[in-house]
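Here the structure comes first, spelled out in structure tokens, and everything after it is commentary.
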Amino acid sequence: AIGRPACEVLAGIPTLARRCLEPGAGQSEVVVTTGETLRIYDLNVRALQDSRGRVSGCLAVLHDVTERQEAEAIQRRALEDALQATEALRENERFLSGMFDAIQDGISVLDT
Numbered sequence: 018a019i020g021r022p023a024c025e026v027l028a029g030i031p032t033l034a035r036r037c038l039e040p041g042a043g044q045s046e047v048v049v050t051t052g053e054t055l056r057i058y059d060l061n062v063r064a065l066q067d068s069r070g071r072v073s074g075c076l077a078v079l080h081d082v083t084e085r086q087e088a089e090a091i092q093r094r095a096l097e098d099a100l101q102a103t104e105a106l107r108e109n110e111r112f113l114s115g116m117f118d119a120i121q122d123g124i125s126v127l128d129t
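Residue numbers (the numbering used here): 18 to 129.
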């Protein structure tokens, strides 16, 4: 794609082509859906200027971050699940501790 117009390279992905043409686009995250496939790109856009300072082109760098973001989402969900399980165990421990403290009779556990 080096040296080819952005509109030509990104013809199949109009969202990205439009983003490249926006002035001062800079860096952003772009979500592209093609059919049933969703991809997430880190888009970095810079205007190219000639010796007189006029915009002569556009440099666009796309980095597909879909898999990284999916892995981060899985990691976040696992952490949330672990925190919920820990809180449930603490609640159960408080309940049982309160039960044992409230019982005035002795408790014996016999293993036969």
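Just so you know, even glycine gets a beta-carbon here, dropped at the ideal spot from N, CA and C.
Can you tell me where the beta strand (DSSP E) with THR50 in it begins and where it stops? In the sequence shown, residue 50 corresponds to position 33, counting from 1. THR50 -> beta strand (DSSP E) spans 43-51.
Should LEU55 be labelled buried (16 or more other beta-carbon atoms within 10 Å of its own) or exposed? Here residue 55 is taken as the residue at index 38 of the sequence shown, counted from 1. Around the Cβ of LEU55, a 10 Å sphere holds fewer than 16 other Cβ atoms; the residue is exposed.
With distance defined between alpha-carbon atoms, name the residue in ILE120, VAL47, SER125 nearest to LEU83. Indexing the sequence shown from 1 puts residue 83 at position 66. One point to set straight first is that residue 83 is Thr, not Leu, in the sequence displayed. Closest in alpha carbon position to THR83, among ILE120, VAL47, SER125, is VAL47.
Pair within 7 Å by beta-carbon distance, SER45 and LEU60: The residue labelled residue 45 in the question sits at position 28 within the sequence shown. The residue labelled residue 60 in the question sits at position 43 within the sequence shown. Cβ atoms of SER45 and LEU60: closer than 7 Å.
Could you spell out the range, first to last residue, of the alpha helix (DSSP H) harbouring THR83? The sequence position of residue 83 within the sequence shown is 66, counting from 1. From DSSP, the alpha helix (DSSP H) with THR83 extends over 83-119.
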